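Position 93 of the sequence shown, counting from 1, maps to 93 under full-length UniProt numbering, and the rest follow consecutively. Idealized CB from N, CA, C, for every residue including glycine. If you're wondering where the values come from, they're calculated on a predicted model, not measured in any experiment. Read through the structure below, which is laid out as structure tokens, and then see the notes.
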Amino acid sequence: MGIYDIKVTDASGEEYKLERYKGQPMVIVNTATKCGLRGQFDGLEKIYQRYKDEGLVVLGFPSDQFGQEVGEAADAESSCRMTYGVTFPMHDIIKVNGKEAHPLFDHLTSNTKGFLSSGIKWNFTKFLVDSNGKVVARFAPKDTPDSMHKDIQKVLEA
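The structure is reproduced here in structure tokens:
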């Protein structure tokens, strides 16, 4: 199964396949509105605004796996939009590790390796997927969105 076959649910409850973004590069990130790294929402939004006209989409997936997210997807989305000015698509709250991990994060982690292992260590692990659906880069939670520009530009030029 490729990334475009994976079904996700947006924050309003609509389920769709990532095929919706076929041909577009994607930045996929697990988020948490109460995480100490939540300032990255601003950097992710700046990336989205800078590159969206070139086809890049940023997709946020709230996760409470580390105990730092509000209760419901709609609350998480509202917090992201109102507090951080996020306009990129936000999704339902999911698990990113373990037996209950969402298939998207199973796919992303099985195609990359983080520090020491493939599992997600913390919120704001970021993945760059090229326009063919291949995972081309993984960024650690403490890697700021600004550190992604060179890799994003390579993907956009390919």
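**Study point:** Own chain partners of Gly-2 with C-beta closer than 6 angstroms, once the 5 adjacent residues on each side are dropped
**Key:** Stepping through the sequence shown from its first residue, residue 2 is reached at position 2. Same-chain partners within the cutoff: Gly-133.
Counting contacts by CB-CB distance shorter than 8 angstroms, is Leu-59 in contact with chain D? Of the chains in the structure shown, none is chain D; there is only one protein chain.
For His-91, count neighbouring C-beta atoms within 10 Å of its own C-beta (all shown protein chains included) and say buried if the count is 16 or more, exposed if not. Numbered from 1 along the sequence shown, position 91 holds the residue referred to as residue 91. Buried is the call here.
Consult DSSP for Leu-128 and reduce its assignment to one of helix, strand or coil.
-> As a first step, residue 128 must be located in the sequence shown, where it is residue number 128. Strand at Leu-128.
Compare the Cα-Cα distances from residue 169 to each of Leu-108, Thr-144 and Gly-119 and report the closest residue. Nothing can be reported for residue 169: it is not among the residues displayed for the chain, which extend from 1 to 158.
(message) Among Asp-106, Ser-147, Asn-97 and Ser-131, whose alpha-carbon lies nearest the alpha-carbon of Val-155?
(response) The residue given as residue 155 occupies position 155 in the sequence shown. Per the Cα distances, Ser-131.
- Nearest-angstrom beta carbon gap, Ala-137 and Asp-151 [assumed within contact, 8 angstroms]: Within the sequence shown, residue 151 is the residue found at index 151, counting from 1. Within the sequence shown, residue 137 is the residue found at index 137, counting from 1. Indeed they touch by this definition, with Cβ atoms about 5 angstroms apart.
Notebook entry, point to check: Is His-149 helix, strand or coil by DSSP?
Noted result: Counting from 1 along the sequence shown, the entry for residue 149 is found at position 149. Helix, per DSSP.
Name the DSSP bridge partner or partners of Tyr-16? For the purposes of this step, residue 16 is identified with residue 16 of the sequence shown, where counting begins at 1. Answer is Val-8.
Fill in: Coarse secondary structure for Ser-63, derived from DSSP in three states
Numbered from 1 along the sequence shown, position 63 holds the residue referred to as residue 63. Ser-63 falls in the strand class under three-state DSSP.
Please return the same chain residues whose Cβ sits closer than 7 angstroms to the Cβ of Pro-103, not counting the five positions on each side in sequence.
Translated into positions along the sequence shown, residue 103 becomes position 103. Once the five neighbours on either side are set aside, the close Cβ partners of Pro-103 are Ile-6.
Q.
Using C-beta distances below 7 angstroms, list every residue in its chain close to Glu-54, excluding the 5 sequence neighbours before and after it, in chain order.
A. Along the sequence shown, one-based indexing puts residue 54 at 54. These residues qualify, in order along the chain: Leu-156.
*Could you check which residue in Thr-144, Phe-124, Ala-158 and Leu-56 has the C-alpha nearest to that of Val-96?*
As a working mapping, residue 96 is identified with position 96 in the sequence shown. If we check each option's Cα against that of Val-96, Phe-124 comes out closest.
Report yes if the CB atom of Gly-60 is closer than 8 angstroms to the CB atom of Thr-87, and no otherwise. Translated into the one-based positions of the sequence shown, residue 60 becomes position 60. Translated into the one-based positions of the sequence shown, residue 87 becomes position 87. It is not a contact, given that the beta carbons lie outside the stated cut-off.
Contacts around Gly-43, its chain only, beta-carbon distance under 8 angstroms, and the 5 residues preceding and following it disregarded = On the sequence shown, position 43 is the one that residue 43 refers to. Cβ within range, chain order: Thr-144, Pro-145 and Asp-146.
Cα-Cα, which of Gln-40, Leu-56, Ser-118 and Pro-89 is closest to Glu-15? By 1-based counting over the sequence shown, the position of residue 15 is 15. It is Pro-89.
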